[in-house]
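Step one of this worksheet: look at the structure below.
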Amino acid sequence: MPTQSDFDSWSAGQSYEHYMGRWSRMVAKEFLSWLDPKKSADWLEIGCGTGALTSEILQDYEPNSILATDASADFVNHTRETIKDPKASFKTATAQDLPVEDECVDIVTSALVLNFVPDHRETLIEMRRVLRPGGILSFYVWDYPGGGVSFIDAFWKAAASLDEKAVDLDEGARFPFCTAKGLGQLCSYAGLPDADIAPIEIITEFPDFEAFWYPFTLGAGPAPGYCKSLSDEHREALKALLAEKLDEGGPVRLTARAWAMKSVAWG
Numbered sequence: 000m001p002t003q004s005d006f007d008s009w010s011a012g013q014s015y016e017h018y019m020g021r022w023s024r025m026v027a028k029e030f031l032s033w034l035d036p037k038k039s040a041d042w043l044e045i046g047c048g049t050g051a052l053t054s055e056i057l058q059d060y061e062p063n064s065i066l067a068t069d070a071s072a073d074f075v076n077h078t079r080e081t082i083k084d085p086k087a088s089f090k091t092a093t094a095q096d097l098p099v100e101d102e103c104v105d106i107v108t109s110a111l112v113l114n115f116v117p118d119h120r121e122t123l124i125e126m127r128r129v130l131r132p133g134g135i136l137s138f139y140v141w142d143y144p145g146g147g148v149s150f151i152d153a154f155w156k157a158a159a160s161l162d163e164k165a166v167d168l169d170e171g172a173r174f175p176f177c178t179a180k181g182l183g184q185l186c187s188y189a190g191l192p193d194a195d196i197a198p199i200e201i202i203t204e205f206p207d208f209e210a211f212w213y214p215f216t217l218g219a220g221p222a223p224g225y226c227k228s229l230s231d232e233h234r235e236a237l238k239a240l241l242a243e244k245l246d247e248g249g250p251v252r253l254t255a256r257a258w259a260m261k262s263v264a265w266g
């Protein structure tokens with residue numbers, strides 16, 4: 000039986016763009032507006048992916064510098080090729096071993112990644128390590144347990160009705176801590192008792208049902224990875240079931256909600 004991590008294929012930059020990249024950019028803009036960071040700051044980003052958050056920081060917040068890291072060399076290379084701003088640098092690194100000295104950045108952040116790292120608490124402690132006194136530790140994650148990413152939630156509900164094994168692959172079941180209460184408890188456990196946690200919502204709109212379905216066929220991410228693993232017959236049955244629920248002959252509009260967190264590091 001396939002395991003949950005067998006379908007966590009995030010390394011294909013172009014496929015990720017079709018699946019989540021556009022929505023990542025939308026939520027990144029809303030997150031930064033909520034974070035309201037100072038300009039001329041030194042930033043460190045964990046899990047830069049295809050550069051959605053990196054690009055928004057460079058475009059709107061005039062950083063002094065930003066080091067964007069990711070555990071995937073493919074993502075780092077993809078983002079390095081697409082972002083040419085001299086203020087940005089890129090390194091392959093894990094969240095638990097950031098390639099910088101203690102107290103060297105003003106803002107450390109992470110976009111839609113914390114739930115995928117092996118040790119959430121150790122990641123937050125490592126993020127604290129690199130912050131200067133008075134710096135900001137921040138991140139955001141999708142509200143998977145609350146069905147916050149509606150198009151993914153719809154996919155897994157349909158998949159589970161056809162295959163009981165799909166229940167365990169659903170991000171909602173895999174990441175139960177991605178709620179306001181769960182994140183608050185995690186932050187307190189990691190020494191961040193003053194964490195400010197808030198919801199951020201966007202609308203995900205697909206021109207039609209085929210545009211909704213196509214990203215699930217590309218294999219980048221848990222749901223597409225599962226979809227790609229299916230037989231042609233099973234995949235077509237899943238597509239038909241989703242069409243029955245969502246295809247009304249026009250755009251498919253669904254909500255997506257993330258939980259954002261910020262905390263000030265006091266030396």
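Following numbering that gives the first Met the number 0, the numbering of the sequence shown begins with 0 at its first residue and continues without gaps. Glycine included, each C-beta is placed from N, C-alpha and C at the ideal position. All figures in this text were calculated on a predicted structure; none of them were measured in a lab.
Just verifying my parser: in three-state terms, what is the DSSP assignment at residue i?
{"i": "Trp141", "result": "strand"}
{"i": "Thr68", "result": "strand"}
{"i": "Trp258", "result": "strand"}
{"i": "Gly90", "result": "Looking at the sequence provided, one finds Lys at residue 90 rather than Gly. The answer is strand: DSSP assigns Lys90 an E or B state."}
{"i": "Ile196", "result": "strand"}
{"i": "Val99", "result": "coil"}
{"i": "Leu182", "result": "helix"}
{"i": "Val129", "result": "coil"}
{"i": "Pro223", "result": "helix"}
{"i": "Leu161", "result": "helix"}
{"i": "Leu217", "result": "coil"}
Residue j and residue i - do their beta-carbons sit closer together than 9 Å?
{"i": "Ile202", "j": "Ala255", "result": "yes"}
{"i": "Arg127", "j": "Cys103", "result": "no"}
{"i": "Ser137", "j": "Lys261", "result": "yes"}
{"i": "Ile65", "j": "Ala94", "result": "no"}
{"i": "Tyr60", "j": "Ala219", "result": "no"}
{"i": "Thr81", "j": "Glu44", "result": "no"}
{"i": "Val263", "j": "Gly181", "result": "no"}
{"i": "Glu55", "j": "Lys83", "result": "no"}
The beta strand (DSSP E) spanning residue i covers which residue range?
{"i": "Phe115", "result": "Run containing Phe115: none; DSSP gives neither H nor E here."}
{"i": "Leu191", "result": "Note, Leu191: premise wrong, no beta strand (DSSP E); not H, not E."}
Just grab the DSSP bridge partners of residue i for me.
{"i": "Thr203", "result": "Leu253"}
{"i": "Ile135", "result": "Ile106 and Val263"}
{"i": "Trp42", "result": "Ile65 and Ile106"}
{"i": "Val148", "result": "Ala255"}
Is the closest heavy atom of the ligand NAP to the C-beta of residue i under 8 Å?
{"i": "Arg127", "result": "Only the bare structure without any ligand can be found here, which leaves the ligand NAP out of the picture."}
Can you name the start and end residues of the alpha helix (DSSP H) that residue i belongs to?
{"i": "Asp59", "result": "Ala51 to Asp59"}
{"i": "Val26", "result": "Arg21 to Leu34"}
{"i": "Phe208", "result": "Phe208 to Trp212"}
{"i": "Leu245", "result": "Asp231 to Leu245"}
{"i": "Gly48", "result": "Premise fails: Gly48 is in no alpha helix (DSSP H) and is neither H nor E."}
- Message: Does the structure place the region 29-37 close enough to the region 93-102 that three or more beta carbon pairs sit under 8 Å?
- Response: Contact fails: fewer than three Cβ-Cβ distances are below 8 Å.
- Would you check if the region 47-62 and the region 18-29 touch, i.e. whether three or more CB-CB distances between them fall below 8 Å? Contact between the region 18-29 and the region 47-62 is present: three or more C-beta pairs spanning the two stretches fall below 8 Å.
- Touching by the beta-carbon criterion (3+ pairs, under 8 Å), the region 105-118 and the region 76-84: As far as the Cβ criterion goes, the region 105-118 does not touch the region 76-84, which means the pair count is below three.
- Count the C-beta pairs between the region 169-187 and the region 144-159 that are closer than 8 Å, then say yes if the count reaches three, no if not. Taking 8 Å as the limit for Cβ pairs, the verdict is that the region 144-159 does touch the region 169-187.
- Message: When you compare the region 113-126 with the region 185-196, are there three or more beta-carbon pairs, one atom per stretch, that lie closer than 8 Å?
- Response: Contact between the region 113-126 and the region 185-196 is present, because at least three Cβ pairs lie under 8 Å.
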